[in-house]
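> Residue numbers (the working numbering): 9 to 168. Just dropping this structure here.
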Amino acid sequence: MGYWLCKSEPESYSFADLERDGTTGWNGVRNFQARNFLRDSVQVGDGVLFYHSNADPAAVAGIAEVVEAAHADPSAFDPESDYFDPKSKPDAPTWFQVTIKPVQPVAPPIPLARLREIPALAGMELLRKGSRLSVQPVTEAEWKAVLELAGIKPKKSRKG
Numbered sequence: 009m010g011y012w013l014c015k016s017e018p019e020s021y022s023f024a025d026l027e028r029d030g031t032t033g034w035n036g037v038r039n040f041q042a043r044n045f046l047r048d049s050v051q052v053g054d055g056v057l058f059y060h061s062n063a064d065p066a067a068v069a070g071i072a073e074v075v076e077a078a079h080a081d082p083s084a085f086d087p088e089s090d091y092f093d094p095k096s097k098p099d100a101p102t103w104f105q106v107t108i109k110p111v112q113p114v115a116p117p118i119p120l121a122r123l124r125e126i127p128a129l130a131g132m133e134l135l136r137k138g139s140r141l142s143v144q145p146v147t148e149a150e151w152k153a154v155l156e157l158a159g160i161k162p163k164k165s166r167k168g
């Protein structure tokens, strides 16, 4: 089982939107490193920290789960989309998405400043200076530390 942090600006798509919709394709990723994580590493059953970026405050707002592994991002083929890429073709896509579902909100959300105070999170990608990836790996120890902060008991790993 893997763990990920996915960033979304709440004005564009919030955790509340995910709860309302039930599932969503994590589309519009146009960074090759983040795309590679989606395409090559994110798997069904993986946990997701849903992070509100460019928010006041930026914060972990919810827990989600991957319910469909990598598939072509349809926004790349839609000329009306902000994420349209004329070079990406349905039979040879450049861009991928995964589908996630909500597990539970983090209430109250855990602000970035609070995450910075936790020693177990010192190496977390999110907390690195200049980190801008919209999809990033989270270690099992980091996952557990964030869930503990949120007062959420982690599920048993499928490995054990």
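Heads up, the beta-carbon is just placed ideally off N, CA and C, and yes, glycines get one too. Computed from a prediction, not measured in an experiment: that's the story for all the values here.
#1: On the premise that Leu134 lies in contact with Leu123, defined as a C-beta separation below 8 Å, what is that separation, rounded to the nearest angstrom?
#2: Using CA atoms only, rank isn't needed, just tell me which of Val68, Trp151, Asp93, Met132 is closest to Ala115.
#3: Provide the residue(s) that pair with Gln112 in DSSP beta bridges, ordered along the chain.
#4: Taking three-plus beta-carbon pairs below 8 Å as touching, is the segment 151-162 in contact with the segment 22-41?
#5: Do Ala78 and the ligand MG come close, with the Cβ less than 7 Å from some heavy atom?
#6: Can you pull the DSSP bridge partners for Val143?
#7: Taking the CB atoms as reference points, tell me whether Ala72 and Val111 lie closer together than 8 Å.
#8: My assumption, with CB atoms under 8 Å, is that Ala153 sits in contact with Leu129. Please give the rounded CB distance.
#9: Do His60 and Ser16 come within 8 Å of each other at the CB atom, strictly closer than that value?
#10: Closer than 8 Å by C-beta to Ile118: which residues in its own chain qualify, once you throw out the five before and the five after it? Chain order, please.
#11: For Phe92, does the three-state DSSP call read helix, strand or coil?
#12: Do you know whose CA, among Asp93, Gly70, Val74, lies nearest Asp81's CA?
#13: Can you list, in chain order, the residues of its chain whose CB lies under 8 Å from that of Trp151, leaving out five sequence neighbours each side?
So, from the listed chains and residues:
#1: Against the sequence shown, residue 123 aligns to sequence position 115. Against the sequence shown, residue 134 aligns to sequence position 126. Right, the Cβ-Cβ distance comes to about 7 Å (below 8 Å), so this counts as a contact.
#2: Counted from its first residue, the sequence shown places residue 115 at position 107. Of the candidates Val68, Trp151, Asp93, Met132, the one whose C-alpha sits nearest the C-alpha of Ala115 is Val68.
#3: One-based indexing of the sequence shown puts residue 112 at position 104. According to DSSP, which records beta bridges pairwise, Gln112 is partnered with Ile71.
#4: no
#5: Ligands displayed in this structure: none; no statement on the ligand MG is therefore possible.
#6: Working through the sequence shown from its first residue, we reach residue 143 at position 135. Cys14, per the DSSP bridge assignment.
#7: As a first step, residue 72 is located in the sequence shown; it is residue number 64 there, counting from the start. As a first step, residue 111 is located in the sequence shown; it is residue number 103 there, counting from the start. Closer than 8 Å, so yes.
#8: On the sequence shown, residue 153 is found 145 positions in, with the first residue counted as 1. On the sequence shown, residue 129 is found 121 positions in, with the first residue counted as 1. With a Cβ gap of about 6 Å, Ala153 and Leu129 count as contacting.
#9: Mapped onto the sequence shown, residue 16 falls at position 8. Mapped onto the sequence shown, residue 60 falls at position 52. Contact flag set, yes.
#10: Within the sequence shown, the letter at position 110 stands for residue 118. Counting only Cβ-Cβ distances below 8 Å, and skipping sequence neighbours, we find Ala67, Val68, Val154, Leu157, Ala158.
#11: Position 84 of the sequence shown holds residue 92. In the structure shown, Phe92 sits in coil (DSSP, three-state: anything other than H, G, I, E or B).
#12: One-based indexing of the sequence shown puts residue 81 at position 73. Of Asp93, Gly70, Val74, the residue nearest in Cα terms is Asp93.
#13: In the sequence shown, counting from the first residue as 1, residue 151 sits at position 143. So the list reads Tyr11, Gly55, Leu57, Pro162, once near-sequence residues are dropped.
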